[in-house]
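K.L.:
Please see the structure below; I have some questions.
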DNA sequence: ACTTACCTACCTACTGATAGGTATAGTTAT
DNA sequence: ATAACTATACCTATCAGTAGGTAGGTAAGT
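Residue numbers (our numbering), protein chains in the order written: chain A, 3 to 197; chain B, 3 to 197.
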């Protein structure tokens with residue numbers, strides 16, 4: 003593994019925050035430069051084009067998510083607890099200033115303005131998350147921490163839908179009651195069998 | 003009611019489509035001008051600033067939605083049918099080219115880049131929809147077309163969350179299975195009491 | 001020890017394109 | 001004639017991106 007210089011990750015940190023706040027098309031290299039205190043051209047040194055920045059950001063995001071999600075499963079026993087911790091961690095950044103949205107969700111709305119390589123990375127991120135959820139749901143059901151009748155794949159889709167929908171509306175109204183509603187509904191989903 | 007000239011609505015039509023496709027910050031007056039076949043400056047005559055365009059668009063959208071939703075309730079008897087027709091009408095535009103997102107949802111993600119008057123109109127649109135849903139849910143429950151235990155306000159929130167989340171993911175993958183999942187889950191929500 | 005060569009990480013200064021927006025003159029329907 | 005509308009021509013600001021240079025460090029050759 004190549005150790006990337008500090009500025010590289012610093013740029014990605016700022017870009018991530020900006021995308022979560024205003025979206026991919028609404029920030030510029032000048033915005034990042036101003037916040038870090040270097041020149042625009044220096045950012046082009048690390049990321050020749052804006053789409054490169056997006057791609058590297060998504061790859062780092064996928065990698066971070068993989069580590070985080072795998073550790074979550076290792077460190078806890080109850081699958082319901084894992085789900086709750088996971089949901090809270092996603093919603094947590096929303097409680098920070100400006101009600102940031104999930105990085106993937108933000109790029110998902112901008113998806114038709116992104117080049118196809120970047121589109122693929124955004125899709126890959128959600129696929130990764132969905133696969134993890136499916137695994138969690140299967141194990142959770144086997145250990146009787148979860149109860150549901152739909153397929154794990156369907157439940158995973160419903161969870162993603164409610165995460166993104168909840169974030170979108172929480173952001174719009176700057177009100178976390180939308181997240182609480184989503185959270186509650188997700189938990190109902192995985193603890194109730196249909197009649 | 004003042005009868006607005008044709009170009010006025012034509013501009014709003016194109017703007018609406020562009021916002022649903024790429025978002026508020028990713029289209030320009032030049033894009034609209036090119037599609038209509040007039041000059042950029044002519045659009046500024048109708049809408050001096052871009053934010054004016056957004057505001058007028060949202061007001062028209064609110065007005066159209068109000069008429070549409072009220073007619074829906076008048077023209078059908080079964081509240082479940084009404085809900086299904088409503089959901090299908092929202093999801094229909096997504097099946098058109100490019101998987102357009104709901105206008106409100108698209109502006110919701112751009113919300114932090116919009117001026118506060120426009121933010122308010124986006125919020126007002128969702129409030130309007132939510133109020134209509136609450137009314138529908140109350141009447142539907144009274145007539146035994148719906149069964150649910152949460153408050154109508156909570157169910158309405160959950161429905162909006164699933165509409166927007168479903169659209170976001172359907173758009174990302176250009177795949178309507180996400181809409182079918184959302185649709186199914188919404189119908190489950192309003193026809194099942196919790197145990 | 002010192003040169004040569006190359007590298008990383010940043011800089012200044014610029015490009016062409018496009019953004020939103022304006023002043024003003026011309027056109028068209030009533 | 002006049003109000004409504006559209007056009008030409010232009011503005012300033014900003015966008016992503018490039019050219020070329022520089023400071024400092026590393027590695028190898030002699």
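Note that CB positions come from ideal geometry on N, CA and C, so glycine has one too. Values in this document were obtained by computation on a predicted structure and should not be read as measured data.
Is the shortest distance between the beta-carbon of residue 187 of chain A and the beta-carbons of chain B less than 8 Å?
P.N.:
yes
K.L.:
If we call anything under 8 Å between Cβ atoms a contact, is residue 53 of chain A one with residue 117 of chain A?
P.N.:
yes
K.L.:
Can you look up residue 149 of chain B in the DSSP assignment and give me helix, strand or coil?
P.N.:
strand
K.L.:
Out of A/84, A/87, A/114 and A/9, state which residue places its alpha-carbon closest to the alpha-carbon of residue 35 of chain A.
P.N.:
Checking every option, the nearest Cα to that of residue 35 of chain A belongs to A/9.
K.L.:
Just grab the DSSP bridge partners of residue 193 of chain A for me.
P.N.:
A/149
K.L.:
Tell whether a beta-carbon distance below 8 Å holds between residue 29 of chain A and residue 109 of chain A.
P.N.:
8 Å or more divides the Cβ of residue 29 of chain A from the Cβ of residue 109 of chain A.
K.L.:
Are any of the Cβ atoms in chain A nearer than 8 Å to that of residue 111 of chain B?
P.N.:
So, interface residue.
K.L.:
Under 8 Å, do residue 91 of chain A and residue 22 of chain A count as touching if we go by C-beta distance?
P.N.:
Contact flag unset, no.
K.L.:
Let me know the alpha helix (DSSP H) ranges lying completely inside the segment 104-169 of chain A, each 4 residues or longer, listed in chain order.
P.N.:
Entirely contained in the segment 104-169 of chain A, the alpha helix (DSSP H) runs reaching 4 residues are, in chain order, 105-111 and 118-144.
K.L.:
Would you say residue 19 of chain A lies against chain B (beta-carbon separation less than 8 Å)?
P.N.:
no
K.L.:
Using the three-state DSSP reduction, which class does residue 18 of chain B fall into: helix, strand or coil?
P.N.:
helix
K.L.:
Any beta-carbon of chain A closer than 8 Å to the one on residue 173 of chain B?
P.N.:
yes
K.L.:
State buried or exposed for residue 81 of chain A, treating a residue as buried only when at least 16 other CB atoms are found within 10 Å of its CB.
P.N.:
buried
K.L.:
At a CB-CB cut-off below 7 Å, which residues of chain B make contact with residue 108 of chain A?
P.N.:
111
K.L.:
Helix or strand or just coil, what does DSSP make of residue 176 of chain B?
P.N.:
coil
K.L.:
Measure from the C-beta of residue 28 of chain B to each C-beta in chain A and report whether the shortest distance is under 8 Å.
P.N.:
yes
K.L.:
Please tell me whether residue 124 of chain B and residue 61 of chain A are closer than 8 Å, where the distance is taken between their beta carbons.
P.N.:
no
K.L.:
Report, in whole angstroms, the separation of the C-beta atoms of residue 64 of chain B and residue 126 of chain B, which I expect to be a contact under 8 Å.
P.N.:
6 Å
K.L.:
Give me, in chain order, the residues of the same chain whose beta-carbon lies closer than 7 Å to that of residue 105 of chain B; leave out the 5 immediate sequence neighbours on both sides.
P.N.:
18, 21, 22 and 63
K.L.:
Would you mind stating whether residue 170 of chain A and residue 107 of chain B have Cβ atoms separated by less than 8 Å?
P.N.:
yes
K.L.:
Residues of chain A with CB under 7 Å from residue 166 of chain B, in chain order?
P.N.:
167, 170 and 171
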